[in-house]
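Enquirer: Residue numbers (my numbering): 85 to 447.
As structure tokens, this is what we get:
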């Protein structure tokens, strides 16, 4: 049942919408559900309400209009089967919605008899886009590099010691992350085209002045120590992800947590990031060290898996009890916080770290 006192909400361009029933499974994408069922709207204008962060222009004496970019990957969700969603949008908001044809470039344009009608249609289209985006596999993530040379060296020593001293079930050298890719994950998102990447890069640049620097300004340079281990599930004998813990070195504790929480909230309100991937009050700060999805299988196992799609998709966990017992307080060293990255998933730069779409220096 839904939690009536704490309903699930989504932020769309600074407005908060309530999801009618968060208990309903939304992992399967249904176009009509995005518009008809997901959100409860209230488009009544409140004079004290913060203005929408987009422009509506007067075309002539009887029409208002706004234009905006929507990735082509989401246009089908706005149109719907046989145009049903667009027609309902137009009917409900008394607007005319122009969408680029397949294969054509251009913005979505909305025309209506009043600015309020146009704004209502745009907010509903934004909701459809955000709902669709949150169901896609993520392409980018906000990260803080933790791959200082000394940390990489200590991580390699940790890997060698674990493989030598901890012969647990399922533990294999291929499960360890590449040292050059060590990073603190803040949050993940899906960016489908260059326009979205540019927009999010602008958001991250703005977040530096609005969120990051107000927290760090009096504590620079700040060092982050990577020390100690933890894991994502409740059973240490069935681990998929083992990660390192972080803490401020020589500065007030909790600064990194404040930054992470602030950034996730900022990108969530802009419609690009879920408010919390792990459904916790705060962002789970973690530096992945070992991950079962990295497992490299033998050639015979790969051939066997290719015959069964369900087998191929299964992850084999590992027994991490010995690792946690022997290396619970392992110290990987410190990294000075110099920048926050918008990183591309699965794409490496010349230094072996994730290719950045945007780098915001911290100084």
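C-beta atoms are modelled at their ideal positions from N, C-alpha and C, and glycine is treated no differently.
(1) Under the three-state reduction of DSSP, which class applies to residue 358: helix, strand or coil?
(2) Helix, strand or coil: how does DSSP classify residue 450 here?
(3) Would the beta-carbon of residue 398 fall within 8 Å of that of residue 224?
(4) Do the CB positions of residue 150 and residue 214 come within less than 8 Å of each other?
(5) Taking 8 Å as the cut-off, decide whether the C-beta atoms of residue 417 and residue 329 are in contact.
(6) Around the Cβ of residue 304, are there at least 16 other Cβ atoms within 10 angstroms (buried) or fewer (exposed)?
(7) Can you give the Cα-Cα distance for residue 236 and residue 222, rounded to whole angstroms?
(8) Taking all protein chains shown into account, do 16 or more other C-beta atoms lie within 10 angstroms of the C-beta of residue 123, making it buried, or fewer, making it exposed?
(9) Using a Cβ-Cβ cut-off of 7 Å (strictly less than) and excluding sequence neighbours within five positions of residue 205, which residues of its own chain qualify?
(10) Hey, out of 139, 437, 278, whose CA is closest to residue 200's CA?
(11) With a CB to CB cut of under 7 Å and the five nearest residues on each side skipped, what residues in its chain are close to residue 285?
(12) Please state if the CB of residue 446 and the CB of residue 424 are separated by a distance shorter than 8 Å.
(13) Near residue 143, which residues of its chain fall below 8 Å by C-beta distance, leaving aside the five closest residues on each side in sequence?
(14) Would you report the Cα separation of residue 326 and residue 313, rounded to the nearest angstrom?
(15) Can you give me the start and stop residues for the alpha helix (DSSP H) that residue 297 sits inside?
(16) How long is the line joining the alpha carbons of residue 290 and residue 345, rounded to whole angstroms?
(17) Compare the beta carbon distance of residue 268 and residue 371 with 8 Å and say whether it is the shorter of the two.
(18) Start and end of the alpha helix (DSSP H) containing residue 351?
(19) Please list, in chain order, all residues of the same chain as residue 378 whose beta carbon is under 8 Å from its beta carbon, the five residues on each side excluded.
(20) For my contact list, residue 337 and residue 331 are in at a C-beta cut-off of 8 Å; report their separation, rounded to the angstrom.
(21) For residue 230, count the other beta carbons within 10 Å of its own beta carbon; 16 or more makes it buried, fewer makes it exposed. Which is it?
(22) Helix, strand or coil, according to DSSP, for residue 186 in the structure here?
(23) Residue 159 by DSSP, collapsed to three states: which one?
(24) Should residue 273 be labelled buried (16 or more other beta-carbon atoms within 10 Å of its own) or exposed?
(25) Examine the ligand PLP and report whether any of its heavy atoms sits within less than 7 Å of the Cβ of residue 199.
(26) So for residue 445, helix, strand or coil by DSSP?
(27) How is residue 328 classed by DSSP in three states: helix, strand or coil?
(28) By how many angstroms is the C-alpha of residue 264 removed from the C-alpha of residue 318?
(29) Anyone know if the C-beta pair for residue 404 and residue 320 falls short of 8 Å?
(30) In three-state terms, what does DSSP make of residue 268?
(31) For residue 217, which of 288, 277, 165 has the nearest alpha-carbon?
(32) Count the other C-beta atoms from every protein chain shown that fall within 10 angstroms of the C-beta of residue 141, then say buried if there are 16 or more, exposed otherwise.
(33) Could you tell me if residue 248 is buried or exposed, where buried requires 16 or more neighbouring beta carbons within 10 angstroms of its beta carbon?
(34) Within its chain, find whatever has a CB closer than 7 Å to the CB of residue 241; leave out the 5 residues flanking it on each side and keep chain order.
(35) What would DSSP say about residue 366, mapped onto helix, strand or coil?
Expert: Considering the structure as presented:
(1) For the purposes of this step, residue 358 is taken as the residue at position 274 of the chain shown. Residue 358: coil per DSSP, three-state reduction.
(2) With the chain covering only 85 through 447, there is no way to say anything about residue 450.
(3) Mapped onto the chain shown, residue 398 falls at position 314. Mapped onto the chain shown, residue 224 falls at position 140. No, Cβ-Cβ distance for residue 398 and residue 224 is not below 8 Å.
(4) The count along the chain shown starts at 1 and reaches residue 150 at position 66. The count along the chain shown starts at 1 and reaches residue 214 at position 130. No, these two residues do not count as a Cβ contact at 8 Å.
(5) Against the chain shown, residue 417 aligns to sequence position 333. Against the chain shown, residue 329 aligns to sequence position 245. No, the pair does not count as a contact, with Cβ atoms beyond the cut-off.
(6) For the purposes of this step, residue 304 is identified with residue 220 of the chain shown, where counting begins at 1. With fewer than 16 Cβ atoms within 10 Å of its Cβ, residue 304 is classed as exposed.
(7) Numbered from 1 along the chain shown, position 152 holds the residue referred to as residue 236. Numbered from 1 along the chain shown, position 138 holds the residue referred to as residue 222. Looking at the two C-alpha atoms, the distance is approximately 26 Å.
(8) Indexing the chain shown from 1 puts residue 123 at position 39. Residue confidence for residue 123 is low, a pLDDT of 43 falling below 50, so the modelled location carries little weight and cannot support an answer.
(9) Working through the chain shown from its first residue, we reach residue 205 at position 121. The residues are 173, 177, 179, 181, 194, 196.
(10) Here residue 200 refers to the residue found at position 116 when the chain shown is read from its first residue. Residue 139 is the option with its Cα nearest to residue 200.
(11) Start at 1 with the first residue of the chain shown, and residue 285 comes out as number 201. Around residue 285: 426, 441, 442.
(12) Translated into positions along the chain shown, residue 424 becomes position 340. Translated into positions along the chain shown, residue 446 becomes position 362. Result yes, Cβ atoms of residue 424 and residue 446 sit closer than 8 Å.
(13) Here residue 143 is taken as the residue at index 59 of the chain shown, counted from 1. Here the set comprises 149, 195.
(14) As a first step, residue 326 is located in the chain shown; it is residue number 242 there, counting from the start. As a first step, residue 313 is located in the chain shown; it is residue number 229 there, counting from the start. Answer to the nearest angstrom: the Cα atoms are 7 Å apart.
(15) The residue you call residue 297 lines up with position 213 of the chain shown. Where residue 297 is concerned, the enclosing alpha helix (DSSP H) stretches over 297 to 300.
(16) Position 206 of the chain shown holds residue 290. Position 261 of the chain shown holds residue 345. Straight-line Cα distance between these residues: approximately 16 Å.
(17) Taking the chain shown and counting its residues from 1, the one referred to as residue 268 is at position 184. Taking the chain shown and counting its residues from 1, the one referred to as residue 371 is at position 287. Contact: yes.
(18) Working through the chain shown from its first residue, we reach residue 351 at position 267. Segment 339 to 353, the alpha helix (DSSP H) holding residue 351.
(19) Locating residue 378 in the chain shown gives position 294, counting from the first residue. Answer for residue 378: 258, 259, 260, 261, listed in chain order.
(20) As a working note, residue 337 is residue 253 in the chain shown. As a working note, residue 331 is residue 247 in the chain shown. Yes, residue 337 and residue 331 are in contact; Cβ-Cβ is about 6 Å, under 8 Å.
(21) Here the question's residue 230 lines up with position 146 in the chain shown. The residue in question, residue 230, is buried, as its Cβ has 16 or more Cβ neighbours within 10 Å.
(22) Locating residue 186 in the chain shown gives position 102, counting from the first residue. Coil.
(23) Within the chain shown, the letter at position 75 stands for residue 159. In this structure, residue 159 counts as helix in the three-state DSSP scheme.
(24) Position 189 of the chain shown, counted from the first residue, corresponds to residue 273. Result: buried.
(25) The ligand content of the structure shown is nil, which means the ligand PLP is not present either.
(26) Position 361 of the chain shown, counting from 1, holds the residue named residue 445. Strand, per DSSP.
(27) Mapped onto the chain shown, residue 328 falls at position 244. Residue 328: strand per DSSP, three-state reduction.
(28) As a first step, residue 318 is located in the chain shown; it is residue number 234 there, counting from the start. As a first step, residue 264 is located in the chain shown; it is residue number 180 there, counting from the start. Distance between the alpha carbons of residue 318 and residue 264 is about 29 Å.
(29) To locate residue 404, count along the chain shown from 1; it is residue 320. To locate residue 320, count along the chain shown from 1; it is residue 236. Going by C-beta atoms, residue 404 is nearer than 8 Å to residue 320.
(30) Sequence index remark: in the chain shown, residue 268 carries index 184 (1-based). Note: residue 268 maps to strand in three-state DSSP.
(31) Counting from one through the chain shown, the residue named residue 217 turns up at place 133. If we check each option's Cα against that of residue 217, 277 comes out closest.
(32) Locating residue 141 in the chain shown gives position 57, counting from the first residue. Residue 141 should be labelled exposed.
(33) Along the chain shown, one-based indexing puts residue 248 at 164. Flag for residue 248 reads exposed.
(34) Against the chain shown, residue 241 aligns to sequence position 157. Hits under 7 Å: none found.
(35) Residue 366 sits at position 282 when you count from the first residue of the chain shown. Residue state, collapsed to three classes: coil.
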